[in-house]
Every structure is written in structure tokens, then in C-alpha cells.
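Residue numbers (our numbering): 5 to 313.
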């Protein structure tokens with residue numbers, strides 16, 4: 005996780021929709037047509053303005069285990085799963101890109117590109133664009149496997165791999181890259197919500213015209229299939245669509261490994277979660293929303309949902 009200034013975005017239905025449309029259709033933003041485009045365009049923010057104890061179990065906990073308010077978990081609704089573009093900065097320079105499980109590469113016009121031609125392209129300095137992927141397959145970038153689509157792009161400054169992937173799949177990978185996947189499930193769920201909120205901010209405020217955010221700790225750690233496990237997928241699925249909100253705004257949720265680092269890096273900026281602290285609280289029996297209430301005081305929980313549902 006990067007050390008930077010937190011951002012609060014006002015994300016009402018109309019404002020959020022307009023921002024997503026700009027991201028998808030603005031000049032230089034979209035190099036390919038995403039399968040989830042229509043879903044992204046209908047994504048709305050279902051803000052919860054109230055705060056309350058979420059479960060009866062919370063009432064039986066010791067006072068020192070609870071913050072003054074615990075954000076309620078919003079009820080399940082059909083949620084959008086928009087596509088993100090992640091710059092694989094950790095994989096530069098691109099040495100080898102290979103396919104597995106039926107994945108293949110195609111030119112911008114949709115023509116198949118031979119794997120050896122891809123390697124020759126990467127070894128050269130000419131500008132270009134190729135997309136690699138396939139349903140259920142993986143694209144290996146310097147030996148590291150990624151789901152979704154990997155775009156290979158050179159605008160004259162060297163080749164860059166950009167992984168286009170659904171938000172929830174991205175969150176599952178971030179959770180495993182930011183926390184040990186064997187940690188308490190409630191800590192992993194708290195991490196999933198924080199990671200999802202941070203990612204959604206960068207859907208609305210992309211770092212670059214070609215990608216939303218990078219895979220390094222300048223943003224959030226992301227390792228594709230390598231850091232995706234059964235427990236991290238569960239953490240993403242059981243919190244599906246849930247983000248942190250404050251007075252109708254979307255919170256760019258900051259976090260760090262320990263409370264000491266969190267205080268030093270983010271103390272003057274506002275709320276920030278200690279990952280080791282979240283694990284300790286989870287082991288004491290706190291639920292993920294109680295953990296988030298401890299670290300993001302005053303925030304509520306909301307879901308991104310599909311319009312009209």
C-alpha cells in the first residue's frame with residue numbers, strides 16, 4: 005500500500021455514472037472493448053448513511069472490544085463487477101509472455117498473433133498493441149500467471165503489460181498479496197473491503213490514460229493468480245461489492261502493515277488500518293465490520309450495485 009494522501013470522492017448515482025463513462029470512452033482511456041462494459045456503465049453507489057451494531061453477537065462483547073460505532077453490513081443486492089486495468093510495473097522489462105489453458109494473443113484488429121511473433125515484438129522497440137487471454141486461461145508474464153486479459157502496449161517508452169481483470173478477482177489477489185492467506189478470515193474480509201474501496205477510487209481517478217493503478221506498493225500489492233487462494237477468494241466473495249463510505253462519499257482507504265507504520269505514514273492524514281492489528285482483533289473475535297469501525301472511525305459500509313435492481 006502506498007503512503008499518500010487519502011481521498012474522499014462524492015459518489016452519487018449521477019456523478020459516479022458520469023465518471024465511469026468518461027473512463028471508458030474518454031480519449032485514450034479504452035484500448036479494447038470490455039465484456040463488462042455495460043455492467044460498468046450501470047454501476048451505482050448504494051450509500052448507507054446510518055451506523056449501528058451489525059449483529060446480536062456484537063452486543064455480548066466486552067466494551068474494550070468495540071469502537072463507539074460499528075458500521076452496519078449492507079444487505080446483499082446484485083452488484084456490479086467492473087473491469088480494472090492494472091499496470092504490471094513489477095514485471096518490467098518484459099522478457100517473455102506465454103499462454104496457458106487455451107489463452108492466445110490477438111492484434112488490435114482481432115487477428116491472431118503467433119506466440120513467436122509476440123516474443124519478437126517484445127524484443128524490438130517499435131510501438132504496438134497486442135491483447136492476450138482467453139476464457140479460463142492464463143497469461144504468463146515473466147513466468148507469473150494472470151487471469152483476464154493482458155494487454156501488451158508500447159507507446160514509444162518500452163513495452164508494458166496491463167492486466168485487465170474484474171474487480172472482485174483483483175480484490176482476491178490483493179488480499180493474498182497484502183496479507184498472509186492463512187490469517188483469520190475476518191481480517192482478510194476487512195482487507196478485502198479496504199482494497200476494493202481503494203481500487204474503486206482509482207477507477208474514477210485513474211493513474212494513467214491507459215491504466216487505473218499499478219501492481220506495486222505505490223498503490224496496492226497485486227500478484228495475479230500467485231496470490232489468489234481459496235481463502236482470499238472467499239474473503240472477496242463474502243464481502244462482494246462492499247466499500248467504505250463517508251457521508252455519501254467513497255473513501256480511499258489507507259492501510260499499512262503495523263500501527264506504528266500507519267501512525268507515522270498516515271497519522272496526520274486521518275484514518276488508516278493496521279493489518280497486523282486487524283489480525284489481532286480478528287483473533288479476539290471481532291467481525292470484519294467491527295475491525296473496520298475501529299480503524300475508519302465515522303465511516304459506514306455501502307455496496308456498489310447494478311442500476312435498476
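We put the beta carbon where it would ideally sit given N, CA and C, even for glycine.
All of these numbers come straight from a predicted model, not from anything done at the bench.
*Please look up how many angstroms separate the CB atoms of residue 101 and residue 117, rounded, as I've assumed it's under 8 Å.*
Going by Cβ atoms, the distance from residue 101 to residue 117 rounds to 11 Å, so no, they are not a contact pair.
*What is the C-beta distance between residue 236 and residue 180, in whole angstroms, given that I count them as a contact (C-beta under 8 Å)?*
Rounded, the Cβ-Cβ distance is 4 Å, consistent with contact.
*Inter-stretch contact at 8 Å, needing at least 3 Cβ pairs: the stretch 113 to 131 / the stretch 73 to 87*: Flag = no, the stretch 113 to 131 and the stretch 73 to 87 do not touch.
*Just the C-alpha distance for residue 128 and residue 231, rounded to the nearest angstrom, thanks.*
31 Å
*Count the other C-beta atoms from every protein chain shown that fall within 10 angstroms of the C-beta of residue 219, then say buried if there are 16 or more, exposed otherwise.*
The residue is buried, with at least 16 neighbouring Cβ atoms inside 10 Å.
*asked:* Restricting to Cα atoms, I'd like to know which of 138, 120, 242, 188 is closest to residue 107.
replied: 138
_Residue environment, residue 130, which counts as buried when at least 16 other CB atoms sit within 10 Å_ = exposed
*Evaluate the contact criterion for the stretch 241 to 254 versus the stretch 195 to 205: three or more CB pairs, one atom per stretch, below 8 Å.*
yes
*Have a look at 97, 90, 238 and flag the residue whose alpha-carbon is nearest the alpha-carbon of residue 204.*
When only C-alpha atoms are compared, the closest one is 90.
*To the nearest angstrom, how far is it from the Cα of residue 121 to the Cα of residue 281?*
49 Å
*Can you give me the Cβ contacts of residue 142 inside the same chain, cut-off strictly under 7 Å, excluding the 5 residues immediately before and after it?*
104, 105, 107, 149, 150, 151, 229
*asked:* What would DSSP say about residue 79, mapped onto helix, strand or coil?
replied: coil
_Is the beta carbon of residue 226 closer than 8 Å to that of residue 178?_
yes
_Less than 8 Å between the beta carbons of residue 240 and residue 172, yes or no?_
The criterion of a C-beta distance shorter than 8 Å is satisfied by residue 240 and residue 172.
*asked:* For residue 102, report the span of its beta strand (DSSP E) as first-last.
replied: Unbroken beta strand (DSSP E) run through residue 102: 101 to 104.
*For residue 162, which residues of its own chain have a beta-carbon under 6 Å away from its beta-carbon, when the five flanking residues on both sides are left out?*
none
*asked:* Measuring only from the beta carbon, is residue 137 closer than 7 Å to any heavy atom that is part of the ligand COA?
replied: You won't find the ligand COA in this model; it holds no ligand whatsoever.
*For the beta strand (DSSP E) containing residue 168, list its first residue and its last residue.*
163 to 170
*Three-way DSSP call (helix, strand, coil) for residue 110 in this model*: strand
*Where does residue 296 land, buried or exposed, given buried means 16+ other C-beta within 10 angstroms?*
Buried, since its Cβ has 16 or more Cβ neighbours within 10 Å.
*To the nearest angstrom, how far is it from the Cα of residue 196 to the Cα of residue 224?*
12 Å
_Tell me the rounded alpha-carbon separation between residue 306 and residue 292._
Those two C-alpha atoms are separated by around 14 Å.
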